[in-house]
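Peer 1:
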Amino acid sequence: FSAAKGGVYERARKRYNLKHGMDLFQYRFYEDQPLEALSFLARMCDKARGCRPTATHDALVVLERGGLLRRHYTMNIDGLHEKAGATVWESRTAIGGDGKTVELHGSLHQVVDVATR
671 FSAAKGGVYE RARKRYNLKH GMDLFQYRFY EDQPLEALSF LARMCDKARG
721 CRPTATHDAL VVLERGGLLR RHYTMNIDGL HEKAGATVWE SRTAIGGDGK
771 TVELHGSLHQ VVDVATR
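Take 671 as the starting number for the sequence shown in the working numbering and just add one per residue.
1) What three-state label does DSSP hand His-727 in the structure shown?
2) Let's see if you can read the secondary structure: which residues bound the beta strand (DSSP E) around His-751?
3) Within 10 angstroms of the Cβ of Thr-697, are there 16 or more other Cβ atoms? Answer buried if so, exposed if not.
4) Tell me, to the nearest whole angstrom, how far the beta carbon of Glu-701 is from that of Thr-744; I am working on the premise that it is less than 8 Å.
5) Just the C-alpha distance for Asp-748 and Pro-723, rounded to the nearest angstrom, thanks.
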């Protein structure tokens, strides 16, 4: 999801007439263009579902299963760590449970509708 010229952010910035590509993930975009925001996230989720974990994801799972990984923090939202077999820390539990991977920005696979919250 590169910010490079021609990357996802750049293309979406132009498509949705945004100042910055990262604005796609701001609440203001959802508030101003709810259907477009949901459509964008649905497309991103579809693309992420088609992706496969890399050797790096697999290596982290090996470390976790071997008891060598205490915690892993990621800013990725694609869910590939979990797809590779990593356990994911759940913020809904009192202390996050036993999951080793913390998805700092959440996941495309778990979206909260703030209107019905």
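Every residue, glycine too, gets a C-beta built ideally from N, C-alpha and C.
Peer 2: Reading off the structure:
1) Within the sequence shown, numbered from 1, the residue matching residue 727 stands at position 57. If DSSP states are grouped into helix, strand and coil, His-727 belongs with the helices.
2) Taking the sequence shown and counting its residues from 1, the one referred to as residue 751 is at position 81. First-last for His-751: 750-753, but that is the alpha helix (DSSP H), not the beta strand (DSSP E).
3) As a first step, residue 697 must be located in the sequence shown, where it is residue number 27. This sequence places Tyr at residue 697; Thr is not what is there. Exposed.
4) Walking along the sequence shown from the start, residue 701 turns up at place 31. Walking along the sequence shown from the start, residue 744 turns up at place 74. In fact, because the Cβ distance is near 27 Å, the residues do not count as touching under 8 Å.
5) Working through the sequence shown from its first residue, we reach residue 748 at position 78. Working through the sequence shown from its first residue, we reach residue 723 at position 53. Between Asp-748 and Pro-723, the C-alpha separation is close to 10 Å.
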